[in-house]
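A.B. asks: Under my numbering, the first residue of the sequence shown is numbered 297, with each subsequent residue one higher. Here a beta-carbon is modelled for each residue, glycine too, at the ideal position from N, C-alpha and C.
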Amino acid sequence: MLLRASYWTWKLLNGESIPDEMPTAYLMLDGKCMYNCAYCTHAKDSESDNSYLSRIVWKIVNVDSLNSVSSKFKRVCIQTVNYKGYLDDIIEVIKHLRSSNENNDLLISVSTRVKNEEEIDTLMNSGVDDLGMAIDVASKGFHMLYRSWPLEYTLSLIRYGASRYPGRITTHIIVGLGETDRELYEIFKLMKSYNVKIALFAFTPVRGTKLAHLSPPSIERYRNIQLLRFLIFEANQKPDVDFDEFGNLKSVRFDSSIDVSKAFLTSGCTHCTRPYYNDSPRSKVLYNYHVFKNSESR
297 MLLRASYWTW KLLNGESIPD EMPTAYLMLD GKCMYNCAYC THAKDSESDN SYLSRIVWKI
357 VNVDSLNSVS SKFKRVCIQT VNYKGYLDDI IEVIKHLRSS NENNDLLISV STRVKNEEEI
417 DTLMNSGVDD LGMAIDVASK GFHMLYRSWP LEYTLSLIRY GASRYPGRIT THIIVGLGET
477 DRELYEIFKL MKSYNVKIAL FAFTPVRGTK LAHLSPPSIE RYRNIQLLRF LIFEANQKPD
537 VDFDEFGNLK SVRFDSSIDV SKAFLTSGCT HCTRPYYNDS PRSKVLYNYH VFKNSESR
């Protein structure tokens, strides 16, 4: 088992300080992935440094270093590369986390690309609170091109999980992988009907991946998509939207009394921050704001 922790998680586990609050520990089970997602640093054909996932450095840790997790964090999020034997390793890490959490109040999330319904059942009965099954690519054509299986198959697995384990399934969606705004809007509505939360990302081109040459989405487009997600999922609204002939969002109309100041915070599971996952700490404008102590003024 090769277990890593995101750099800030690693610092906190080692008793060091970080500049922002981070109530979620981010872990990664690493290995040679069986899949070849065109945007991923861990794709089968990727030439990226595998100590990275997106733009974040992940440091090697041992399982025993997790004994202090429950005293430092409220949630653990386990990102899992789909290598041979990954399912057994996930279950082993979950057992260790549960056995070292005396109060049983630690929330545990797993994010991985499940192959079938049986894997969903195995994971959901292993002690996890939430299971993340990424859509990533909202376009049918680009989903097949970049992830190598049909979008409908991904949606069928989410449908199964959402119906069998209501309120415990999440998904990731990346803005900027060839999809239209209309396709994102339709996926949002579908996930809302399934009661599946969406963690929203901006595409990050990373050296060594097949899509390293592409550009990230404009901040203006991303803000509009963040607003759509917030209105549908957080404000429980059905916004009045217009698209042009190419599926680009032209306007979003909603009740002006709705406070949308939190629409641009990191979305996902409770306590999720993902600091600088698709942003540079040097950026003046962030795609996802995540600073808890200042979130009320964002």
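Could you check if Lys493 is buried or exposed, using at least 16 other CB atoms within 10 Å of its CB as the buried criterion?
C.D. replies: Looking at its Cβ environment, which holds 16 or more other Cβ atoms inside 10 Å, Lys493 is buried.
A.B. asks: Within the chosen definition, does the segment 364 to 381 reach the segment 522 to 542 through at least 3 CB pairs nearer than 8 Å?
C.D. replies: no
A.B. asks: Can you name, in chain order, every residue of its own chain whose Cβ lies under 8 Å from the Cβ of Asn346, other than the five neighbours on each side?
C.D. replies: Asp326, Thr337, His338
A.B. asks: To the nearest angstrom, how far is it from the Cα of Phe526 to the Cα of Asp536?
C.D. replies: 14 Å
A.B. asks: Answer yes or no: do Glu398 and Tyr456 have a C-beta to C-beta separation smaller than 8 Å?
C.D. replies: The Cβ atoms of Glu398 and Tyr456 do not sit closer than 8 Å to each other.
A.B. asks: Could you tell me which uninterrupted alpha helix (DSSP H) segments, each at least 4 residues in length, are contained entirely in the segment 310 to 377, listed from first to last along the chain?
C.D. replies: 365 to 368
A.B. asks: If we call anything under 8 Å between Cβ atoms a contact, is Ile469 one with Ile483?
C.D. replies: yes
A.B. asks: Starting from the C-beta of Ser591, find all residues in its chain whose C-beta is less than 8 Å away, skip the five residues before and the five after it, and write them out in chain order.
C.D. replies: The predicted model places Ser591 with a pLDDT of 38, which falls under 50 and marks its position as unreliable, so this point remains unresolved.
A.B. asks: For Asp540, report the span of its beta strand (DSSP E) as first-last.
C.D. replies: Careful: Asp540 lies outside any beta strand (DSSP E) and carries neither H nor E.
A.B. asks: What three-state label does DSSP hand Lys391 in the structure shown?
C.D. replies: Three-state DSSP puts Lys391 in a helix.
A.B. asks: Determine the extent of the beta strand (DSSP E) in which Lys546 is found, giving its start and end residues.
C.D. replies: 545 to 549
A.B. asks: Of all the beta strand (DSSP E) runs that stay within the bounds of the segment 381 to 459, which reach a length of 3 or more residues?
C.D. replies: Segments of the beta strand (DSSP E) lying fully in the segment 381 to 459: 403 to 407, 426 to 428.
A.B. asks: Starting from the Cα of Met420, find the closest Cα among Tyr461, Leu309, Pro513 and give me that residue.
C.D. replies: Tyr461
A.B. asks: DSSP puts Ile494 in a beta bridge; with which residues?
C.D. replies: Thr467
A.B. asks: Checking 8 Å against the spacing of the C-beta atoms, do Tyr331 and Arg409 come in under that value?
C.D. replies: The answer is yes: Cβ separation under 8 Å.
A.B. asks: Taking its Cβ as the centre, do 16 or more other Cβ atoms sit within 10 Å of Leu427, making it buried, or is it exposed?
C.D. replies: buried
A.B. asks: Identify, in the order they occur along the chain, each residue of the same chain with its Cβ nearer than 8 Å to the Cβ of Ile515, setting aside the five sequence neighbours on each side.
C.D. replies: The residues are Val581, Tyr583.
A.B. asks: Write down every uninterrupted run of the beta strand (DSSP E) in the segment 478 to 538 whose length is 3 residues or greater and which is fully enclosed by it, in chain order.
C.D. replies: 493 to 498
A.B. asks: Given a cut-off of 8 Å on the beta-carbon distance, is the pair Ser364 and Leu309 in contact?
C.D. replies: Yes, the Cβ-Cβ distance between Ser364 and Leu309 is below 8 Å.
A.B. asks: Who does Ser302 pair with in a DSSP beta bridge?
C.D. replies: Trp354
A.B. asks: To which residues of the same chain is Val548 closer than 7 Å at the C-beta, ignoring the five residues directly before and after it?
C.D. replies: Asn520, Leu523, Leu524, Pro535, Val537
A.B. asks: For Leu545 and Phe539, I'd like the C-alpha separation in whole angstroms.
C.D. replies: Going by C-alpha positions, Leu545 is about 5 Å away from Phe539.
A.B. asks: Check whether the Cβ atoms of Asp401 and Met297 sit closer than 8 Å, and answer yes or no.
C.D. replies: In this structure, the beta-carbon distance from Asp401 to Met297 does not fall below 8 Å.
A.B. asks: Check whether the Cβ atoms of Leu299 and Asn358 sit closer than 8 Å, and answer yes or no.
C.D. replies: yes
A.B. asks: Does DSSP classify Leu308 as helix, strand or coil?
C.D. replies: helix
A.B. asks: Relative to the alpha-carbon of Lys506, which residue among Asn574, Ser313, Glu479, Leu473 has its alpha-carbon at the smallest distance?
C.D. replies: Leu473
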